[in-house]
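A short write-up of the structure that comes next.
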Ligand code: ADQ
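Residue numbers (the numbering used here): 65 to 557.
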């Protein structure tokens, strides 16, 4: 059983009042859809529409037929959704876990609704679970679910995977509910993180805040009361083979060629992000402006296409971010555009269908993936999988989880360093073809090997491993960033 905030299908009302279902988007859905389709099972989550009626059930039944596995909806009122999703999840946990604690609104009412809604998810899980199911809970919206399920008497194995980063101790300490949340997490049997960085942050918090907890197996097992909880890192991947296949298709090749023609065969830089302040879009645009000023030879030679997918636009910070991006695009285009000719930034504000997105990836010579902090960042991996001619250069933030795996192929940057990022853009443009191929080859091998299927297998293996000494985690576990990088880079060979 998979439990996540949203079902992988979104139910919405069409203009004529009828309900329609369409596949959801975002990192988690992209990652898990192919897996559940292969294995079957039940997915528990919110269907994307307030409350519940017979029509919603009918629309879900249609979606279930299409999906090949069961969908179990959690009905939430608009008010619950406001406190739970927009409130606690996205005004407290999201900024806090991305180290942006000054953006948090620690409203106790948000916390109350968050706990209440986690209880509701627990009820739906209990209604749908059978004796020996493994329940795999996803992400920061459901941190209290393990504890709710235990209180309701469920004693089957529970796994939890955090898709976003886990913050360092000093930042986690700001959370008024820090003890309750940490203890609730320890009700799961296996807790998975994207990187060793996150795992280390979590164990630091447990060590400091819960002195009654002990650690064994090189810090990968927490003993608390009579419970043993495994902790590990499982960097998420993509369905790399599917991306490669589609990138090779005639339609994608034709669309990619058309994109090149549209920018007059200039060097194409690409940014693709959900609208989110963690993705570092304004700083990226400023770095691009710095590059154009510092290296005038780039002018008329490069074009940046920035694609932004609308997201969470009910939250004021997201609306402000959109305005800031539009302002910067306007300023930069105003400063450099050659009337009748070159326009430095093409800005696309909408979701793209998958083949279109892959055509952008395939066409781009340089991808700019520069989040301020990111659990993993699938765009970086999708770009590599789609760069079938191995001509792409990835400029990657060292604060993206993906940096641990892609560091040897990517040009790593600190997104706060405008000059450094501008230099990387210039360097990427000048990188000889052979060096591009070498770097992209390394990254593509990694993305192919550590794909989403391996991610699922490693998580499930860890959940069911009887021999704890064979727990599939790095042998040379040393809690440092260097070790993290060393581990994933040895995996490359
Ligand atoms: P997200 O924050 O959603 O995921 P990310 O990993 O980049 O971020 O995934 C975004 C997904 O949306 C990608 O699969 C991409 O293809 C898709 N997408 C982006 N732009 C699009 C567009 N214009 N049109 C259509 N689709 C688009 C969270 C965490 C991440 C973590 C994932 C998975 O924040 O750090 O990598 O979960 O664990």
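We put the beta carbon where it would ideally sit given N, CA and C, even for glycine.
- The continuous beta strand (DSSP E) containing residue 337 extends over residues 331–338.
- With a cutoff of 7 Å, residue 332 does not count as near the ligand ADQ, since its C-beta is closer than that to no heavy atom of the ligand.
- DSSP places residue 312 within a helical segment (H, G or I) once states are collapsed to three.
- Taking 4 residues as the minimum length, the alpha helix (DSSP H) runs contained wholly in the region 201–244 are 209–215 and 233–236, in order along the chain.
- One thing to note: residue 93 has its Cβ no nearer than 8 Å to the Cβ of residue 67.
- Going by beta carbons, residue 454 and residue 500 fall inside the 8 Å limit.
- As the crow flies, the alpha-carbon of residue 388 is around 33 Å from that of residue 507.
- Residue 495 is not a Cβ neighbour of residue 428, given a cutoff of 8 Å.
- Take the alpha-carbon of residue 321 and the one of residue 327: they are about 10 Å apart.
- For residue 354, the three-state secondary structure derived from DSSP is helix.
- Residue 166 holds the alpha-carbon nearest to the alpha-carbon of residue 235 among 142, 166 and 299.
- In this structure, residue 347 places its C-beta atom within 8 Å of the C-beta atom of residue 434.
- Nearest to residue 514 by C-alpha distance, out of 446, 184 and 194, is 446.
- Residue 269: member of the alpha helix (DSSP H) spanning 260–273, first to last residue.
- When secondary structure is reduced to three states using DSSP, residue 87 falls in the strand class.
- Secondary structure at residue 171: coil, using DSSP grouped into helix, strand and coil.
- Taking the Cβ of residue 96 as the reference point, every heavy atom of the ligand ADQ lies at 7 Å or farther away.
- Between residue 155 and residue 168, the CB-CB gap stays under 8 Å.
- Excluding sequence positions up to five before and after residue 516, its CB lies within less than 6 Å of the CB of 95, 301, 302 and 303, all in the same chain and listed in chain order.
- Assigned with DSSP and collapsed to three states, residue 504 falls in helix.
- Comparing C-alpha distances from residue 174 to each of 136, 205 and 161 shows the shortest one belongs to 205.
- Residue 393 is positioned such that its CB atom lies no closer than 8 Å to that of residue 369.
- Linking residue 83 to residue 101 through their CA atoms gives a straight-line distance of about 23 Å.
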